[in-house]
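Per numbering that gives the first Met the number 0, the very first residue in the sequence shown carries number 0; after that it's consecutive.
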Amino acid sequence: MLKKFIGAGLYLIGLFIALTIFVPIPGIGISPSNAAREVADIVLYNGKILTVDKKFTIAQAVAIKKDRIIAVGTNKQVLALAKKGKTEQVDLKGKTVVPGLIESHAHLQEAAESDYLEKLPTPDSVDSLLKYVAEKVKTLKEGEWIVFEKTFPTRFKERRFPTLQELDAVAPKNPIVIDGLYAGQANSYAMKIAGVDKNTPQPKVGVIVKDPATGELTGLFLRCQALILKHYAGMRKLTHEERMDAIRKLVASYNQLGFTSVIEGLSWENGIAAYNELYSRGELGVRMTYTFMPDIVKKSKEEIVNQVKAMQLLVKTPDSWGKIGFVKAWIDGGILTGTARMREPYGAKGPLHKKVYGHNDSNFKGVVVFDQATYAKAAEAAYELNLPMTAHCVGDGGLDVLLGAYKQVDAAHPIKGRRWSVIHGDFTPEDSLQWMADHGVVLIAQVAWLYKDGALLSEVLTEKTIKTFYPFRTIERTGIVVSGGSDLMIKWDPINAVNPYHPWIAMHALVTRQVENGGVLMPEERISRESALRQYTINGAYVSFSEGFKGSIEVGKAADLAVLNKDYLTCPVDEIKEIRALRTIVGGKTVHMTRE
Ligand SMILES: [Zn+2]
């Protein structure tokens, strides 16, 4: 009896001690039993750990063992897991730590390859572009191509594409295309090579623009510049080794900003082969999620399913380092080229769209690539595969088509919980947002367009439309999950790339709504620093069904995190743009480290 009593007493004393030592900060998991057993590989203490858990708890310290986080809490709690000679103990001296950032939409392979062979400039004016071309043609033989990829009229000081005459003047004997991806401006030589003239019939998708007075071609091709570019062989293809080298270099730049995961906006077989091998060599610095775009027009639903399954078999890494995460389709064009499908005609506000985009039709509403039934077929295939359906979709009119397809599938079997998404989704009217919220549709957004192009777009588009341009505060109130990404397509430099992938500049735009020329667009749609960080961490994990594994600093999750050079939560707001990572850790492995 006495023995039993003493036993119970010891138990209670033991419990008391355990609770005193290991009382967890609310919301933070540290298990006393684990604590007694484990020795950490790395302990970061004396810091400001933004865990980005549900309550946005801030802790002092975090412990890592192998590829996982084993403790988060106070200095005392976490340092208990450190052992001299076995644990790297890092005094953060108050520095901020965030979960490894997740880039939720970048064309990583394409961008990596773009700068590898030749670094083209990023001209900020028609004038500088023409000067560059004039010099460049001197080094080329007659008939050799110049193609400026991903170059947009909204990003030129003159707020327009170069004209046919301007291009002809600097390059009379070389084909040129200024390719804005969803529209392209060609010179006469390029059109001649392609055999395109004013008698060429209009294509099924897109518009060959003609001078309304003379009927002559203007050299502008709205989402049909492939008519010209199919005659351009492109740059030399990279070898497998070169591709890996290119990816390694771009990923190193991502790591310097604190990124540890990337959702690739469009993946190809040779890219996946490169990521596979980088992983097996221990040289892949970011966790990948791939997006696959099957051939949805010609193939039946069953064939689409099989095509995706075949792609899945090519991925040789564990899921946490690479998986096919999405089935993608293409709805419309882009807002930087006036080809995004809009509800209102581009001429609704006035004629400025004619100058900026080269349109000659005030009633033009942009382009939809396929019909709703085709998108619904692809979405049915995604449903069967249990993969999220997603689509490139910029305009509100495009969104009507995409959500129309989602509704069609939803009528047969509810899509809620499947996290289907909209990539870009620049213009989201309230009725669309409501349907998305009700059906768990998530938004993969790129705030870069707000700060790079917002000033000009607000002059071109009506107030009614511009009110629906990334209204993040409104979206947040609906409960829709928004993940942040860049839509990086070419170049390596985080600021001069198209589009810029610097996440801290993006977060600055989210919290300030400042556009590049210094103005502010819809300040009422600002979101908090906490919400902005969620877009680049846990929400990116959510859209790729991996929030149980990464996206926050919590016990049991992947040891993916970044130590920052500034206090993100309290630094003066403009200093957010200067944030970078001092150290980045992915799966417990340091992939970037620098002095302050
Ligand atoms: Zn994209």
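Glycine included, every Cβ here is placed at the ideal spot set by N, Cα and C.
> How would you call N362, buried or exposed, if buried means at least 16 neighbouring beta carbons within 10 angstroms?
Replying inline: exposed
> Which partner residues of L487 appear in the DSSP bridge assignment?
Replying inline: A105
>> Using the three-state DSSP reduction, which class does P98 fall into: helix, strand or coil?
In response: strand
> Of the residues I465, V554, L460, R579, which one's Cα is nearest the Cα of A505?
Replying inline: R579
> Does A447 have its Cβ less than 8 Å from a Cβ in chain C?
Replying inline: Annotation note: the requested chain C is absent from the structure, which comprises a single protein chain.
> For E241, which three-state DSSP category applies?
Replying inline: helix
> Among all the DSSP beta bridges, which residues are the ones paired with F147?
Replying inline: I177
>> What residue range does the alpha helix (DSSP H) around H507 cover?
In response: 502-511
> Is the region 260-272 close to the region 312-329, with three or more CB pairs under 8 Å?
Replying inline: yes
> If H391 and I330 are in contact, beta carbons under 8 Å, what's the gap, nearest whole angstrom?
Replying inline: Confirmed, Cβ separation roughly 6 Å.
> Rounded to whole angstroms, how far is the Cβ of L166 from the Cβ of G218, which I believe are closer than 8 Å?
Replying inline: 7 Å
> For P120, which residues from the same chain have a beta carbon less than 7 Å from its beta carbon, with the 5 sequence-adjacent residues on both sides left out?
Replying inline: Here the set comprises Y131.
>> Could you compute how far the alpha carbon of V585 sits from the alpha carbon of E524?
In response: So the alpha carbons of these two residues sit roughly 33 Å apart.
> Measuring from the CB of G394, is there a heavy atom of ligand 1 at a distance below 7 Å?
Replying inline: no
> Could you give the distance in angstroms between the alpha-carbon of E240 and the alpha-carbon of S113?
Replying inline: Answer to the nearest angstrom: the Cα atoms are 15 Å apart.
> Mind listing, in chain order, the residues whose beta carbon lies closer than 7 Å to a non-hydrogen atom of ligand 1?
Replying inline: H104, H106, G264, L265, H391, I422, D486, M488
> Roughly how many angstroms separate the alpha carbons of V206 and I177, rounded to a whole number?
Replying inline: 16 Å
> Start and end of the alpha helix (DSSP H) containing K406?
Replying inline: 395-411
> Sorted by chain position, which residues of the same chain lie with C-beta nearer than 7 Å to W320's C-beta, five sequence neighbours on each side aside?
Replying inline: Excluding sequence neighbours, W320 sits near Y278, L283, R286, M287.
>> Taking its Cβ as the centre, do 16 or more other Cβ atoms sit within 10 Å of T199, making it buried, or is it exposed?
In response: exposed
> Quick one: what does DSSP say G26 is sitting in, helix, strand or coil?
Replying inline: At G26, the pLDDT of 40 sits below 50, so the modelled position is not reliable; the number obtained from the coordinates is stated separately. Shown here, G26 sits in coil according to DSSP, grouped into three states, outside any helix or strand.
> Based on the DSSP output, what are the partners of T288 in its beta bridges?
Replying inline: I262
> Does DSSP put V89 in a helix, in a strand, or in coil?
Replying inline: DSSP places V89 in strand when its eight states are reduced to three.
> Considering only residues of the region 189-246, which uninterrupted beta strand (DSSP E) runs meet the minimum length of 3 residues and lie entirely inside it, listed in chain order?
Replying inline: 206-209, 216-221
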